[in-house]
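I have placed the structure first, in the form of structure tokens, so that the comments after it can refer back to it.
Protein chains: 2
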Amino acid sequence: MVQKYQLEDKVLLAVDCIIFGFDEEDLKILLIKRNFEPEKGKWSLMGGFLKRHENLNMAANRILYQLTGIEQIYMEQLYAFSEVDRDPAERTISVAYYALINIKEHDKTLSDKHSAKWHSVTELPDLIFDHPEMIIKAMKRLRRRVSSKPIGFELLPEKFTMRQLQKLYESILGEKLDKRNFINKINALDILIKLEEKDMNSSRKGSFLYQFDAEKYQQKVEEGFSFKL
Amino acid sequence: MVQKYQLEDKVLLAVDCIIFGFDEEDLKILLIKRNFEPEKGKWSLMGGFLKRHENLNMAANRILYQLTGIEQIYMEQLYAFSEVDRDPAERTISVAYYALINIKEHDKTLSDKHSAKWHSVTELPDLIFDHPEMIIKAMKRLRRRVSSKPIGFELLPEKFTMRQLQKLYESILGEKLDKRNFINKINALDILIKLEEKDMNSSRKGSFLYQFDAEKYQQKVEEGFSFKL
DNA sequence: CCCTTAAGTGTTAATTATACATTTCCAAAT
DNA sequence: ATTTGGAAATGTATAATTAACACTTAAGGG
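Going line by line, the protein sequences match chains U and X. Residue numbering for the first sequence follows the working numbering, beginning at 1 and increasing consecutively. Residue numbering for the second sequence follows the working numbering, beginning at 1001 and increasing consecutively.
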């Protein structure tokens, strides 16, 4: 038997998830109304505690599943928040994760059960603890990532239009982009499949639908290609 | 009194530090010989446990001070490592930090006390646990950061030559850079002070010494400038 | 005073990024 | 059948940035 680290302080380790979704125009975050103390009734990120048999990724997956019913969610560890008094109830360190989901495809009975609601990142409600700080950090990380990895597609339905993709990038980056330059760049990357099919909702003419070609992307990466937008 | 989170599992929270230094030619990491079980006698990153009254940054600072005697060290939180069996002695989550120091200016009596040695990143010894993974992640982070923030100077003495700076970037980025282009870029940033003084060690002619102008940099940042190399 | 060695220095070509306006297509209304 | 409205689709010219490249200078040591 190996000797243990006697006498060292132990702490509660929480995982909080910044869940991003995209709805036509706006980047949104899924927030829950806390139904337990402290700060019961306030808005909060979905969270939970790390269990003995789990690593942090597993905990984050479990927590994301609880709220969305989705099993394979794109997520990334963000940062460990550790101010001594960040949670007034008890010393708790929280490791924040951000996740990207298709806003149309989560289980609404589950999110309703947690009184969860989507909030536009531009008008967030009052949040508990250091959750605003977590969200700011998540936004920054997402902004950087989305320019160097093809993760934006996680926020869109499988088939999407160029305009949707552009709107997505605009709302993440917080700036207007030139339509032609955007399309030229995307096409130059050569990682989308243009479908025959059109989306007829946005205009009479309709606009072509595209799909992300994950295999082609993978192959290009192995050949030294790197996504850059 | 607020209610506590009963029944949740608590864990030990460690902090491990990847301490980078730069010695003429090579990017190096300061490693210690572990003088306690488990894995006593093997190489390891300097680490310690989070204490009740500390946040993670404070713990990292404390640990860095213990080994180097330096109080204001540039450091950044890297990632939380949480595999269930990462430490065979006991369930421990470790939050890794990386730090940049001037290799010439740490307290050698302290590092000797921990049997610490500098190892070139290109020839690292066997390390305990998941420390190799931590180092890989730190290298990647450092590579990205060094191109977008003027943190490389943390690894150099206050006065340095252009050649030293270039060698530093080359060893961090792992690629040769063109001398003229490098100097042109650096000069275009306009954040260095060229001194009258020359360093006569490297050549007969001697090479001019430079200093990072932190104030000027700050001012430029406030005016919207962003470092890019 | 000649040799050695690293320091210092600019220009051109290639690539990449930006700015920008017109035509096409389709359905709905007449 | 024809017109009309509204978003989709499309390419080029210019500017800005990045990459490639070789000779001269300075100073100490022999």
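The C-beta atom is built at its ideal place from N, Cα and C for all residues, glycine as well.
query, result
"What are the uninterrupted segments assigned as alpha helix (DSSP H) that are 4 or more residues long and contained completely in the stretch 121-192 of chain U, given in chain order?", "131-148, 162-173, 179-189"
"What residue does the alpha helix (DSSP H) around residue 56 of chain U start on, and which one ends it?", "56-68"
"Under the rule that 16 or more other beta-carbon atoms within 10 Å means buried, what is residue 1072 of chain X, buried or exposed?", "exposed"
"Might you give, ordered along the chain, the residues of its own chain that have their beta carbon closer than 6 Å to the beta carbon of residue 1034 of chain X, omitting 5 neighbours on each side?", "1040, 1042, 1044"
"Distance check for residue 24 of chain U and residue 104 of chain U, CA to CA, integer angstroms please.", "11 Å"
"Less than 7 Å separating the beta-carbons of residue 1093 of chain X and residue 1082 of chain X?", "yes"
"Based on the DSSP output, what are the partners of residue 13 of chain U in its beta bridges?", "U:93"
"With distance defined between alpha-carbon atoms, name the residue in X:1229, X:1157, X:1223 nearest to residue 1149 of chain X.", "X:1229"
"Confirm, please, whether the CB-CB distance from residue 138 of chain U to residue 98 of chain U is below 7 Å.", "yes"
"Quick one: what does DSSP say residue 33 of chain U is sitting in, helix, strand or coil?", "strand"
"Under 7 Å between the Cβ atoms of residue 220 of chain U and residue 208 of chain U?", "no"
"With a 10 Å radius around its C-beta and 16 neighbouring C-beta atoms as the bar for buried, classify residue 1130 of chain X as buried or exposed.", "buried"
"Have a look at X:1091, X:1074, X:1183 and flag the residue whose alpha-carbon is nearest the alpha-carbon of residue 53 of chain U.", "X:1091"
"Looking at the unbroken beta strand (DSSP E) that takes in residue 76 of chain U, where does it start and where does it end?", "74-81"
"Please identify, using Cβ separations under 8 Å, the residues of the stretch 1063-1085 of chain X that lie next to chain U, in order along the chain.", "1077, 1079, 1080, 1082, 1083, 1084"
"Give the range of the beta strand (DSSP E) segment to which residue 1209 of chain X is assigned.", "1207-1212"
"According to DSSP, what are the bridge partners of residue 100 of chain U?", "U:20, U:74"
"Please determine, among U:55, U:22, U:38, U:20, the residue with the shortest C-alpha to C-alpha distance to residue 13 of chain U.", "U:55"
"Please report whether the beta-carbon of residue 137 of chain U lies at a distance below 7 Å from any beta-carbon of chain X.", "no"
"From U:176, U:212, U:47, U:162, pick the residue whose C-alpha is nearest to that of residue 17 of chain U; which is it?", "U:47"
"Look up residue 1198 of chain X in the DSSP assignment and say whether it is helix, strand or coil.", "strand"
"Name, going along the chain, the residues of the stretch 1007-1019 of chain X whose beta-carbon falls closer than 9 Å to a beta-carbon of chain U.", "1008, 1009, 1010, 1011, 1012, 1013, 1014"
"Residue range of the beta strand (DSSP E) that residue 1047 of chain X falls in?", "1046-1049"
"Answer yes or no: does any C-beta atom of chain X fall closer than 7 Å to that of residue 129 of chain U?", "no"
"Given this structure, state the Cα-to-Cα distance separating residue 134 of chain U from residue 1080 of chain X, to the nearest angstrom.", "15 Å"
"If you count every other CB in all the chains shown that lies within 10 Å of the CB of residue 294 of chain U, and 16 or more means buried, which is it?", "Only positions 1 to 229 of chain U appear in this structure, which leaves residue 294 of chain U out of reach."
"Is the shortest distance between the beta-carbon of residue 1210 of chain X and the beta-carbons of chain U less than 7 Å?", "no"
"Output, in sequence order along the chain, the residues in the stretch 1102-1114 of chain X whose CB is closer than 8 Å to any CB in chain U.", "none"
"Under three-state DSSP, which class holds residue 1087 of chain X?", "coil"
"In chain X, what lies closer than 7 Å to residue 119 of chain U by C-beta?", "Per Cβ cutoff of 7 Å: no residues; residue 119 of chain U is ~26 Å from chain X at best."
"One question on the structure: do residue 68 of chain U and residue 119 of chain U come within less than 7 Å of each other, judged by their Cβ atoms?", "no"
"Could you tell me the distance, in whole angstroms, from the CA atom of residue 151 of chain U to the CA atom of residue 1200 of chain X?", "51 Å"
"In terms of alpha-carbon separation, which member of U:63, U:64, U:61, U:114 lies closest to residue 36 of chain U?", "U:114"
"Counting only Cβ-Cβ distances shorter than 9 Å, please list the residues of the stretch 1188-1205 of chain X near chain U, keeping chain order.", "none"
"For residue 1119 of chain X, which residues does DSSP report across the bridge?", "X:1029"
"Could you tell me if residue 1161 of chain X is buried or exposed, where buried requires 16 or more neighbouring beta carbons within 10 angstroms of its beta carbon?", "buried"
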